[in-house]
Every structure is written in structure tokens, then in C-alpha cells.
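Visitor: Sequential numbering of the sequence shown, starting at 22, is according to the numbering used here.
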Amino acid sequence: PKKQIVYEVDPIRDGGSFTTRRVTAKQDGVPIFSTSVSFQTQEDGFSHQFEMPEVTPPEELETDFEFWSQMAKQHPERFAAPMMQALERRPVKR
């Protein structure tokens, strides 16, 4: 058999933009759960994010192997076989 759950809602704060309530769930008069919930009125907020710049899609970038192969051709004394391992990275050129 299912026991009834009674929810008690207590006002904590009523502000200009925010409202806060404490909700307590009880079974047989015994608290089994409690939470504090806040609600905010719809309003414009700050933007904390920069616009995404125009960049080359990853599929069109050269692979790490292509990059290091080109570097090895241009500077063979500096970029030898250890650079040609199975590591894939696609650098973005700005």
C-alpha cells in the first residue's frame, strides 16, 4: 500500500527578481525529504561568452601527420622519425 506524501511549502524570501521556498515532504508526519528552491523572473542578463570566431572546420584542417611531414621536409635536421608517431592533432591557423 502506498503512503500519502504531504508537501509543506514555506516562503523564505520574496524579492524583486527572486523568490525562494523551502519544501518539506512528509509521510505519517515524519519529514522524508526537504529542498530549497528559487525562482527568478524572466529578464535579460549579462553575456559571459565571446562570439565564436570564424574558423576552419576540423574536417578541413591538416592532420598532425601532414603537419609534421611538412615540417620534416622543411627542417629535416630538427624533425626526424620520433615526430612521425601515431598521434593525431589538427592545429588551427588563425
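The beta-carbon is built from N, C-alpha and C at its ideal position, and this holds for glycine as well.
Residue range of the beta strand (DSSP E) that SER55 falls in?
Guide: Numbered from its first residue, the sequence shown carries residue 55 at position 34. It spans 51 to 61 - the beta strand (DSSP E) in which SER55 sits, taken as one unbroken run.
Visitor: Got a sec? Which residues, its chain only, sit under 6 angstroms from THR118 by beta carbon, not counting five neighbours each side?
Guide: A query on residue 118 cannot be resolved here, the shown segment of the chain reaching from 22 to 115 and no further.
Visitor: Verify whether the separation of the beta carbon atoms of SER38 and GLN61 is less than 8 angstroms.
Guide: Residue 38 sits at position 17 when you count from the first residue of the sequence shown. Residue 61 sits at position 40 when you count from the first residue of the sequence shown. Yes, the Cβ-Cβ distance between SER38 and GLN61 is below 8 angstroms.
Visitor: Helix, strand or coil for GLU72? Go by DSSP, reduced to three states.
Guide: Sequence index remark: in the sequence shown, residue 72 carries index 51 (1-based). Residue state, collapsed to three classes: coil.
Visitor: What is the DSSP secondary structure of GLU98, reduced to helix, strand or coil?
Guide: Working through the sequence shown from its first residue, we reach residue 98 at position 77. GLU98 falls in the coil class under three-state DSSP.
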